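Trainee: In my numbering, the protein residues as written are 1130 to 1470.
This structure is in structure tokens; I'll ask about it shortly.
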Amino acid sequence: MSLKPEKFTRYLIEAAVNRGIKEMQEDPKRSVRKLADLGRQFARGRFQKNFFALSQTLLLDGNSPYYSLLSRLTEEIDHETLKKFGVNIGYTSWTYGAELIRAYEREHGLAVPWSLFIHYHPEGSFCLSRLEALIQEGRRLGIYTYCLCLEAVPEDWQGLISLFRRYDNSAFLIFLPDEELQEEQALLLSQCRNLLVSAEIAPSYRKNISLLRQNKCMAANHYYYSDSGREELQLRLKDCESPLLFFLPQKDTPPSARERLAESVYQIRYHPEHPVFPIELFADYKRIDYIISGRSCFLEIDSEGRIPLPGGASFCITQAGFSLPRLLQAAAPAVSCEALC
């Protein structure tokens, strides 16, 4: 039986990534350049072409801290996890999923986000079965990446881990609250290859990031900012104990402060001083969406399943008759089909 085109492409990419990871351990600088060149050859989507062109530009400097960052990735993260999560994001979500999203937008005239940002509480009314139903609908539209901001650490992780494993070619990002993980929980998380786990920079984060690194998880840090300046941003990067640092705005952070920090993050990425890759989650989320669709669409769901709508109303996905297309029709602006061709 022949493989479907997307599965065959994925097979080729995974084989190339396996070789790239092996070579990166032997000669990081040479292998990274080769991987960037190879990436451009596979780059079919709008995002990949932008990403790999940027990668080649950033790596022209032989002393770039990003070489140290990439070495950290191969040293600190299980190689199967690094490969699976990377391919799920880079190919399944940003290429295959992006093609499905653009097709749906052209047909229905609705904006579709490339990912969903979900607040999740283990005891909330937005339970695992409803989360799974949302993921199933999202994947049919081309949404293969899901960000979960945990409001409490589950006593039993098995339900979430089983859910992630059922959707093996999706990518999941979990943002932990300021609560300590236990060793057995970190071990369980490490066995989920399509998962990135981020520890909040707060009192418990050093223990959490240490446990995640010991178990070779795909680990990151995140920091909730208010009106942070460039100096504080650099301080957070210097003190960060993982290769990735997400910046998330606090609820009362004014739009002007968000814009300033997002611009600082963008500039620092081009002129790095530390082996840490900074991401302003919401601004970069929208930037990716704009590359995929020609305009941005962002959906944030609270732990009770509510989504705020324009005009002060809200849409609850726990109500009877919910469907993701209905939500997009109510929440997302209509898009120009010509802009998506």
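From the three backbone atoms N, C-alpha and C, an ideal C-beta is built for every residue, glycine too.
Note that the structure is a prediction, hence the values are computed from the model and not measured.
Round the Cβ separation of SER1432 and GLY1253 to the nearest angstrom and send it over; I've been treating them as touching at under 8 Å.
Mentor: Looking up residue 1432 in the sequence shown gives position 303. Looking up residue 1253 in the sequence shown gives position 124. Their Cβ separation, rounded to whole angstroms, is 4 Å, which keeps SER1432 and GLY1253 in contact under 8 Å.
Trainee: Determine the burial state of GLU1409: buried for a count of at least 16 other Cβ atoms within 10 Å of its Cβ, exposed for fewer.
Mentor: Taking the sequence shown and counting its residues from 1, one reaches residue 1409 at position 280. Counting Cβ neighbours within 10 Å, GLU1409 comes out buried, since at least 16 surround it.
Trainee: Which residues does DSSP pair with THR1274 in a beta bridge?
Mentor: As a first step, residue 1274 is located in the sequence shown; it is residue number 145 there, counting from the start. Its beta-bridge partners are SER1244 and ALA1300.
Trainee: Measuring straight from C-alpha to C-alpha, what distance separates ALA1240 and GLU1155?
Mentor: On the sequence shown, residue 1240 is found 111 positions in, with the first residue counted as 1. On the sequence shown, residue 1155 is found 26 positions in, with the first residue counted as 1. The straight-line gap from Cα to Cα measures roughly 44 Å.
Trainee: Roughly how many angstroms separate the alpha carbons of THR1224 and SER1193, rounded to a whole number?
Mentor: Counted from its first residue, the sequence shown places residue 1224 at position 95. Counted from its first residue, the sequence shown places residue 1193 at position 64. Near 28 Å, if we compare the C-alpha coordinates of SER1193 and THR1224.
Trainee: Would you mind reading off the limits of the beta strand (DSSP E) that contains PRO1407?
Mentor: The sequence position of residue 1407 within the sequence shown is 278, counting from 1. Taken as a continuous stretch (DSSP letters only), the beta strand (DSSP E) holding PRO1407 covers 1406-1409.
Trainee: DSSP three-state label for SER1147, please.
Mentor: Taking the sequence shown and counting its residues from 1, the one referred to as residue 1147 is at position 18. First, the amino acid is wrong: residue 1147 is Asn here, not Ser. Residue state, collapsed to three classes: helix.
Trainee: Taking its Cβ as the centre, do 16 or more other Cβ atoms sit within 10 Å of ALA1144, making it buried, or is it exposed?
Mentor: Sequence index remark: in the sequence shown, residue 1144 carries index 15 (1-based). Counting Cβ neighbours within 10 Å, ALA1144 comes out exposed, since fewer than 16 surround it.
Trainee: Mind checking whether THR1221 and ILE1150 have CB atoms under 7 Å apart?
Mentor: Taking the sequence shown and counting its residues from 1, one reaches residue 1221 at position 92. Taking the sequence shown and counting its residues from 1, one reaches residue 1150 at position 21. Contact flag unset, no.
Trainee: Taking ALA1449 as the reference, give the member of PRO1134, PHE1255, LYS1213 and LEU1245 with the closest Cα.
Mentor: Start at 1 with the first residue of the sequence shown, and residue 1449 comes out as number 320. Comparing Cα positions, the closest option is PHE1255.
Trainee: Excluding sequence positions up to five away, which residues of its chain have a Cβ less than 7 Å from the Cβ of ASP1413?
Mentor: Against the sequence shown, residue 1413 aligns to sequence position 284. Correct list: empty, nothing qualifies.
Trainee: According to DSSP, what are the bridge partners of PRO1378?
Mentor: The residue labelled residue 1378 in the question sits at position 249 within the sequence shown. In the DSSP output, where bridge partners are listed per residue, PRO1378 has TYR1354.
Trainee: Measuring alpha carbon to alpha carbon, tell me which of SER1200, GLY1271, PHE1214 and LEU1260 ends up nearest LEU1229.
Mentor: Along the sequence shown, read from residue 1 onward, the residue named residue 1229 stands at position 100. Comparing Cα-Cα distances from LEU1229 to each of SER1200, GLY1271, PHE1214 and LEU1260, the minimum goes to GLY1271.
Trainee: Does the Cβ of GLU1209 have 16 or more other Cβ atoms within 10 Å, making it buried, or fewer, making it exposed?
Mentor: What you label residue 1209 is simply residue 80 of the sequence shown in a count that begins at 1. By the 10 Å Cβ count, GLU1209 comes out exposed.
Trainee: In terms of residue numbering, what span does the beta strand (DSSP E) encompassing ARG1435 cover?
Mentor: To locate residue 1435, count along the sequence shown from 1; it is residue 306. Counting along the chain, the unbroken beta strand (DSSP E) around ARG1435 starts and ends at 1435-1437.
Trainee: Using beta-carbon positions only, say whether VAL1405 and LEU1362 come within less than 7 Å of one another.
Mentor: Counting from one through the sequence shown, the residue named residue 1405 turns up at place 276. Counting from one through the sequence shown, the residue named residue 1362 turns up at place 233. No, the pair does not count as a contact, with Cβ atoms beyond the cut-off.
Trainee: Given the structure, does PRO1407 come close to the ligand MN, in the sense that its CB is under 6 Å from one of the ligand's heavy atoms?
Mentor: Among the components of this structure there are no ligands whatsoever, and the ligand MN is therefore not found.
Trainee: How many angstroms separate the CA atom of GLY1226 from the CA atom of SER1357?
Mentor: Position 97 of the sequence shown, counted from the first residue, corresponds to residue 1226. Position 228 of the sequence shown, counted from the first residue, corresponds to residue 1357. Cα-Cα distance, rounded: 35 Å.
Trainee: Suppose you measure from the CA of GLN1314 to the CA of SER1327; what does that come to, to the nearest Å?
Mentor: Position 185 of the sequence shown, counted from the start, is the residue given in the question as residue 1314. Position 198 of the sequence shown, counted from the start, is the residue given in the question as residue 1327. Using only the alpha carbons, I get a separation of about 14 Å.
Trainee: Do ILE1247 and ILE1430 come within 7 Å of each other at the CB atom, strictly closer than that value?
Mentor: Within the sequence shown, residue 1430 is the residue found at index 301, counting from 1. Within the sequence shown, residue 1247 is the residue found at index 118, counting from 1. Taking C-beta atoms as the reference points, ILE1430 and ILE1247 count as a pair closer than 7 Å.
Trainee: Can you check whether the CB of LYS1345 is closer than 7 Å to the CB of ILE1206?
Mentor: What you label residue 1206 is simply residue 77 of the sequence shown in a count that begins at 1. What you label residue 1345 is simply residue 216 of the sequence shown in a count that begins at 1. Yes, these two residues count as a Cβ contact at 7 Å.
Trainee: What span of residues does the beta strand (DSSP E) with SER1254 cover, start to end?
Mentor: Numbered from its first residue, the sequence shown carries residue 1254 at position 125. That residue, SER1254, is in no beta strand (DSSP E); it is neither H nor E in DSSP.
Trainee: Rounded to the nearest angstrom, what separates PHE1376 and HIS1237 at their Cα positions?
Mentor: Position 247 of the sequence shown, counted from the start, is the residue given in the question as residue 1376. Position 108 of the sequence shown, counted from the start, is the residue given in the question as residue 1237. Taking the straight line joining both Cα atoms gives about 34 Å.
Trainee: Nearest-angstrom Cα distance between LEU1310 and LYS1212?
Mentor: Looking up residue 1310 in the sequence shown gives position 181. Looking up residue 1212 in the sequence shown gives position 83. Spanning the two alpha carbons is a distance of roughly 25 Å.
Trainee: Decide if ASP1285 is buried, meaning its Cβ has at least 16 other Cβ atoms within 10 Å, or exposed.
Mentor: The sequence position of residue 1285 within the sequence shown is 156, counting from 1. So ASP1285 ends up on the exposed side.
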